[in-house]
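Asker: My questions all concern the structure below.
Structure, rendered in structure tokens:
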């Protein structure tokens, strides 16, 4: 059995990640779920949240703004509306986004922007 999974995460703007992982945790519509090599085929809706991938003792995180994933033959394809990796956004920039969102008048858009900003802050917290 193969010991790794090929993971590709694509947003309309860029490829957020393309490479191997030993395990992947995804933010599903009803909660987080994990994928290991040899997982059964599956298609799932994803919510806004963090994708965590593990390679050895290293963990990488990618924030996504929802989307869909397909798992098939040790390959995971994630299509997301938007996202950032730890390298894409600094902690300070994420804090700025939070301040900007907090300054907006109450609305659904404000709630969404607050959620996105808090998720980007979580990218840098261990």
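Numbering (the working numbering), first residue to last: 114 to 239. Yeah, the Cβ is synthetic: ideal placement off N, Cα and C, and Gly gets one too. Model, not experiment: these values are computed from the prediction.
1. How big is the Cα-Cα spacing for residue 119 and residue 174?
2. The beta strand (DSSP E) spanning residue 217 covers which residue range?
3. Can you name, in chain order, every residue of its own chain whose Cβ lies under 8 angstroms from the Cβ of residue 228, other than the five neighbours on each side?
4. Quick one: measure Cβ to Cβ for residue 152 and residue 184, integer angstroms, because I've assumed they're closer than 8 angstroms.
5. So what does DSSP say about residue 225, is it helix, strand or coil?
6. Would the beta-carbon of residue 91 fall within 8 angstroms of that of residue 134?
7. For residue 219 and residue 225, I'd like the C-alpha separation in whole angstroms.
8. Is it the case that the Cβ atoms of residue 193 and residue 136 are separated by a distance below 8 angstroms?
9. Going by DSSP in three states, residue 165 sits in which element: helix, strand or coil?
Answerer: Based on what the coordinates show:
1. 16 angstroms
2. Note, residue 217: premise wrong, no beta strand (DSSP E); not H, not E.
3. 161
4. 5 angstroms
5. helix
6. With the chain represented from 114 up to 239, any question about residue 91 goes unanswered, as that position is not in the structure.
7. 11 angstroms
8. no
9. strand
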